[in-house]
Amino acid sequence: MRPRSKFPMIIAVCAAMLSGSAMTTAALALSPSKVIAAHDPDKDGSLDRREVIRAAIDKFKLLDHDHDGSLDQAELSGVLNSHHLAALEHHRNGTLRLGGYLRLVKRTFRYVNTDHDRTLEAAELDTPAGRFLMHLIY
Numbered sequence: 003m004r005p006r007s008k009f010p011m012i013i014a015v016c017a018a019m020l021s022g023s024a025m026t027t028a029a030l031a032l033s034p035s036k037v038i039a040a041h042d043p044d045k046d047g048s049l050d051r052r053e054v055i056r057a058a059i060d061k062f063k064l065l066d067h068d069h070d071g072s073l074d075q076a077e078l079s080g081v082l083n084s085h086h087l088a089a090l091e092h093h094r095n096g097t098l099r100l101g102g103y104l105r106l107v108k109r110t111f112r113y114v115n116t117d118h119d120r121t122l123e124a125a126e127l128d129t130p131a132g133r134f135l136m137h138l139i140y
């Protein structure tokens with residue numbers, strides 16, 4: 003039997019962190035329509051999985067200040083805290099590589115896509131988990 007994934011719990015905890023008093027000014031400024039407009043090249047008013055992954059790769063590169071291909075806690079500051087980083091799949095040195103970051107983004111996408119239509123609309127992004135996903139990609 004396959005062990006249960008920790009990702010739904012991580013997504014819920016991170017979403018709660020962003021929706022609580024720890025919400026940053028940047029997270030407050032995020033609006034679903036703004037994020038969709040920034041990452042929707044086909045202008046269909048929603049984000050599909052491919053568009054979200056492209057946005058996540060861009061965000062990862064933006065966060066990777068030292069360009070070493072991994073994010074340490076300092077680079078993830080404001081995105082994930084040390085407890086969340088420890089719960090994610092990461093290298094033994096406490097860094098998160100692009101593959102681990104994308105796994106979190108893909109699983110969060112599935113979690114947020116409540117109507118299972120393979121696209122995210124503004125209403126789905128305007129939830130705690132949706133705001134967490136926006137925080138990961140914008």
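Under this note's numbering, residue 140 is the last one in the sequence shown; the count climbs by one each step, no gaps.
By construction, the Cβ of each residue, glycine as well, lies at the ideal position given by its N, Cα and C atoms.
Rounded to the nearest angstrom, the Cβ distance from residue 78 to residue 65 is 7 Å, consistent with a contact under 8 Å. In the DSSP secondary-structure assignment, residue 122 is bridged to 49. Between residue 102 and the set 68, 122 and 55, the nearest pair of CA atoms involves 55.
Residue state for residue 72 is assigned as strand, using DSSP reduced to three classes. For residue 35, the enclosing alpha helix (DSSP H) starts and ends at 34-40.
At the C-beta level, residue 57 and residue 41 come within 7 Å of one another. In terms of CA proximity to residue 108, 52 leads the group 39, 52, 47 and 33.
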